[in-house]
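Taking it in order: structure first as C-alpha cells, then the write-up.
There are 2 protein chains.
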Amino acid sequence: MSADLTRNQALVMKTLSGAEAPLSAYTILDRLRGDGLRAPLQVYRALEKLTELGLVHRLESLNAFVACAHPNCHEQELIAFAICEACGKVEEFSDDVVKDRLDGWTRSHGFRPAKTTIEIRGNCSGCAGGK
Amino acid sequence: MSADLTRNQALVMKTLSGAEAPLSAYTILDRLRGDGLRAPLQVYRALEKLTELGLVHRLESLNAFVACAHPNCHEQELIAFAICEACGKVEEFSDDVVKDRLDGWTRSHGFRPAKTTIEIRGNCSGCAGGK
DNA sequence: GGCGCAAATGTTATGACATTACATATCCTT
DNA sequence: AAGGATATGTAATGTCATAACATTTGCGCC
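Those protein sequences? They're chains R and D, same order as listed.
Following our numbering, the numbering of the first sequence begins with 1243 at its first residue and continues without gaps.
Following our numbering, the numbering of the second sequence begins with 1243 at its first residue and continues without gaps.
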C-alpha cells in the first residue's frame, strides 16, 4: 500500500480514518492544530493528494471529506454514497448497472465524462428505524 | 402553471431562464442589482422557493443553480445532470433503470432516501468533439 | 373597515468553505 | 554540488451561505 504519504497527508488521512462521519477541511484543521497545522491550505493540499490516490472521497453535497471505505480496491470506477442526515454516517457502494446506464447515456450523447457524483441523502436504517 | 411568483422569485427565475449555464447565487445577485436587489439573502430565499416548486435545480458539485429544463413535467423523481466543464452547459435527463437500482439498494439497506444527486462532470459533444 | 395571521422582504453582520500569491524547504537525480 | 520537482509555510483574499431581527404585504374573517 502507499504508505509513502508525507507528514501532512498522513495526519489528514489518520484524522479522516478515525472519524465516524465526514469532516470538513476546517474541522480537520482544528483537530490537527496540536500537530502544528495552522492554515487551511495545508489541509486542502493534503486532501487533494489523497483524493487523487483514491484514499479519500469528497462529498459534494456536504462540502466534506471521508476516508474511502475500501482502501484496498481503491480504484472503483463509480461510487455512490448514502449519507445519513441524522447520524452523519456514510455508506459507499457501487453498481455496475447504474454505471452501464450512465455510460450509455454519455456515449449516445457524445459526452466525455470526467467525474461522476452520486449521493443519496436521507436516513440510515438505524436512524429511520422507528417508523 | 405557477405564475404566482413573487417579485423577487420572478426576477431570479427570469435570470436563470435566460442564462446559458448555471449561475451562482452571487452572480444572480449582481445581475439583479439594477432591479433593486442588494443582499444575498434575497436571492437565496427566492432560490429556495423556486427549488421547492421544482422550477430550479441546485448543482451540488458547482454550488450553482439552473432553471429546470422541463418546466412542465416538473415533478420528475430522479434527475441526472451532465455538466460540461468547458462551456458550462448542463443537460438534464432521467433514467428509470438507474432509479430502480438505487431504490433497490436503499430498500435492501433500510435507508430512507430524501434527495438524490447525480452529476456527471466532463465535456459535452461540442467541446470534446475533436478527439 | 380593520383585526390578525402567514408569508415575503429588507438589512446588517457573521459564519463556513476554498483559493491566490509568494516565499522557503526538502528530496531525489545526475 | 546543481537543479528540478514536490511539498510546506503564511498571509490575504475570494466565494458561498445563513443567523437574527425589524418591517411590510396579502388575505381571510368578524
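Using N, Cα and C, we set each Cβ at its ideal position, and we do this for glycine too.
In this structure C1326(D) is buried. Its beta-carbon is surrounded by 16 or more other beta-carbon atoms within 10 angstroms. The beta-carbon separation of E1262(R) and G1330(R), rounded to 7 Å, stays under the 8 Å limit for a contact. The DSSP assignment places complete alpha helix (DSSP H) segments of no fewer than 4 residues inside the region 1302-1364 of chain R at 1338-1350, in order along the chain.
R1343(D) belongs to the set of residues whose beta carbon lies under 8 Å from a beta carbon in chain R. Under the Cβ criterion of 8 Å, S1266(R) is not counted among the residues facing chain D.
Taking C-alpha positions only, A1306(D) is separated from E1302(R) by approximately 12 Å. Annotated as proximal: L1258(R) and V1298(R), with beta-carbon spacing under 8 Å. Judged by beta-carbon spacing, F1323(D) lies within the 8 Å limit of E1361(D), meaning their Cβ atoms are closer than that value. Annotated as distal: N1365(D) and A1311(D), with beta-carbon spacing of 8 Å or more. Pairing R1273(D) with V1340(D), the inter-Cα distance amounts to about 37 Å. Relative to the Cα of D1342(R), the nearest Cα in the group K1357(R), L1289(R), A1267(R), L1320(R) belongs to L1320(R). Distance from the Cα of T1248(R) is smallest, within the candidate group R1354(R), A1288(R), R1300(R), D1277(R), for A1288(R). Per DSSP, reduced to three states, the secondary structure at L1283(R) is helical.
Among the residues facing chain R, T1358(D) is included, as its CB has a counterpart in that chain under 8 Å away. Cβ atoms of A1356(R) and R1363(D) come within 8 Å of each other, at about 5 Å.
Taking a beta-carbon distance threshold of 8 Å, H1351(R) counts as an interface residue toward chain D.
In its chain, beyond the 5 residues on either side, Q1284, A1288 have a beta carbon closer than 6 Å to the beta carbon of N1250(D). Your pair L1292(D) and L1279(D) does not check out as a contact, with CB atoms roughly 15 Å apart and the cut at 8 Å.
By the neighbour-count criterion, in which 16 or more other beta carbons inside 10 Å mark a residue as buried, P1282(R) falls on the exposed side. Excluding residues up to 5 positions away in sequence, A1322 lie with their Cβ nearer than 6 Å to the Cβ of F1335(R) in the same chain. In this structure T1359(D) is in contact with T1359(R), their Cβ atoms being roughly 6 Å apart against a cut-off of 8 Å.
Within the region 1282-1297 of chain R, no residue places its CB atom closer than 7 Å to a CB of chain D. Linking T1348(R) to T1269(D) through their CA atoms gives a straight-line distance of about 29 Å.
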